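Last residue of the sequence shown: 322 (my numbering), numbering continuous.
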Amino acid sequence: MIRRDNLIFRSRLIDDTEIATKNPVMLEILDTAKMIAKANLPVLISGESGTGKELMARFIHDSSPRAGGSFIAFNAGAIPDSILESELFGYEKGAFTGADTNKPGYFELADRGTLFLDEIGDISRSMQVKLLRSLETNKFFKVGGTKEIEVDIRIIAATNKDLKKEVEANRFRHDLFYRLGAMNIHLPPLRERRGDIPLLVEKFLAAERERKKVDGDAIKRLMAYLWPGNIRELKNIIQRAVILCKNETLTIKDLPLELQNPVETAWTAPTSTIHELEKEHIKGVIKQVDGHKGKASQILGIDPKTLYRKMKEYGLE
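Given below as structure tokens:
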């Protein structure tokens, strides 16, 4: 249900699926998502890591006629084909070493519901062929199986890549791209919807079941930050601050060091591009943790794979 009075967009299935916004672009996206939900077509959600693509997928599912069915979320990126195929389609007993029993895959588990495939842009071209066939026919074979299985599912895919460029580079099949992209939704990064930060902070504090508040200076600092990890990073920072804060009000001192330094975090560089600011921020965090990429990815609120990609892109390797 969409309620514009308090700007909360609630998903019916689980408590932590609320989209809090007053951003005009996001409001329009949610209206579009509500209409898309009624159609039984694949949806492709794009946006940077941490912008809430799975949350949007759940919103679409819960707003659709399939709301009573299962919502299955699966990250398809960086998984070997042999494992990915068995996870998606299941396997028969004896199909390979260790296959001691029959196992249903996510396609079967999502029957009459929705299957959300995250990081779709990272799967191999050979798996893209198998996925395309299953999308076109709603049928598949289990690994080691001889019986074709038919299901009734809706696919929602997500990516942080520009799939058009991936198609042009021959890394992603154009037919699969057009099949998945029957309906498209692009989520803006948090830096483009800074007015939502107070609402999101309030939501995350409520999720922690804490009666803590955030003072005005801390809110200003949060709103001046670049947020390379987007909403996921904001959530991680609020959770951390709640644990470490000894008072009822969170202040700047309760924020991570990279937010306490206004020179590195403020959105005040008039001649700098977004990419230049992001590069400097990532560089600063990596320096802060003495080059430990695992710690850096946690602070930034992005997965290590995304951090490596950004480091390569910005020449920070």
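Just so you know, even glycine gets a beta-carbon here, dropped at the ideal spot from N, CA and C. Just so it is clear, the structure is predicted and the values come from calculations on it, not from any experiment.
When the Cα atoms are used, what is the spatial distance from residue i to residue j?
i           : j           : result
residue 254 : residue 193 : 30 Å
residue 294 : residue 196 : 24 Å
residue 296 : residue 288 : 9 Å
residue 179 : residue 172 : 6 Å
residue 113 : residue 135 : 15 Å
residue 213 : residue 149 : 45 Å
residue 140 : residue 105 : 28 Å
residue 34  : residue 236 : 17 Å
residue 304 : residue 265 : 13 Å
residue 271 : residue 283 : With a pLDDT of only 42 at residue 271, under 50, the local geometry of the prediction cannot be trusted, and the value read off the model is given with reservation. Straight-line Cα distance between these residues: approximately 12 Å.
residue 168 : residue 72  : 28 Å
residue 201 : residue 94  : 39 Å
residue 250 : residue 301 : 22 Å
residue 100 : residue 110 : 14 Å
residue 24  : residue 68  : 13 Å
residue 315 : residue 238 : 16 Å
residue 70  : residue 263 : 45 Å
residue 19  : residue 117 : Interpretation of residue 19 is limited by its pLDDT of 32, a score under 50 that renders its predicted location unreliable; the figure taken from the coordinates is listed afterwards. Taking the straight line joining both Cα atoms gives about 19 Å.
residue 138 : residue 58  : 25 Å
residue 274 : residue 222 : Only weak support exists for where residue 274 lies, its pLDDT of 38 falling under 50; the value from the coordinates is given anyway. Answer to the nearest angstrom: the Cα atoms are 20 Å apart.
residue 170 : residue 96  : 34 Å
residue 107 : residue 285 : 50 Å
residue 74  : residue 60  : 17 Å
Given a cut-off of 9 Å, decide if residue j and residue i are closer than it, judged by their beta-carbon atoms.
i           : j           : result
residue 76  : residue 119 : yes
residue 47  : residue 188 : yes
residue 155 : residue 146 : no
residue 174 : residue 124 : no
residue 41  : residue 158 : no
residue 204 : residue 26  : yes
residue 231 : residue 219 : no
residue 256 : residue 54  : no
residue 234 : residue 165 : no
residue 198 : residue 45  : no
residue 3   : residue 319 : Outside the displayed range of the chain (6 to 322) lies residue 3, so it cannot be described from this structure.
What is the C-beta distance between residue i and residue j, in whole angstroms, given that I count them as a contact (C-beta under 8 Å)?
i           : j           : result
residue 127 : residue 163 : That belief does not hold up - the Cβ atoms of residue 127 and residue 163 are roughly 11 Å apart, past 8 Å.
residue 89  : residue 185 : With a Cβ gap of about 16 Å, residue 89 and residue 185 do not count as contacting.
residue 177 : residue 122 : That pair is no contact at about 13 Å.
residue 247 : residue 208 : Their Cβ separation, rounded to whole angstroms, is 13 Å, which puts residue 247 and residue 208 out of contact at 8 Å.
From what residue to what residue does the beta strand (DSSP E) around residue i run?
i           : result
residue 37  : Taken as a continuous stretch (DSSP letters only), residue 37 belongs to no beta strand (DSSP E), being part of the alpha helix (DSSP H) at 29-43.
residue 153 : 153-155
residue 172 : Where residue 172 is concerned, there is no enclosing beta strand (DSSP E), although the alpha helix (DSSP H) it sits in stretches over 168-173.
residue 23  : 23-25
residue 67  : No beta strand (DSSP E) holds residue 67; the alpha helix (DSSP H) holding it covers 58-67.
residue 49  : 48-51
residue 78  : 76-80
Compare the C-alpha of residue i against each of the options and name the closest.
i           : options               : result
residue 182 : 133, 206, 205 and 65  : 133
residue 160 : 265, 66 and 231       : 66
residue 241 : 259, 251 and 252      : 259
residue 224 : 234, 243, 165 and 233 : 243
residue 56  : 312, 307 and 317      : 307
residue 291 : 321, 310, 100 and 311 : 321
residue 144 : 131, 115 and 130      : 115
Tell me where the alpha helix (DSSP H) around residue i begins and ends.
i           : result
residue 131 : 130-142
residue 91  : 86-94
residue 211 : 202-212
residue 195 : Residue 195 -> no alpha helix (DSSP H), and no H or E assigned at all.
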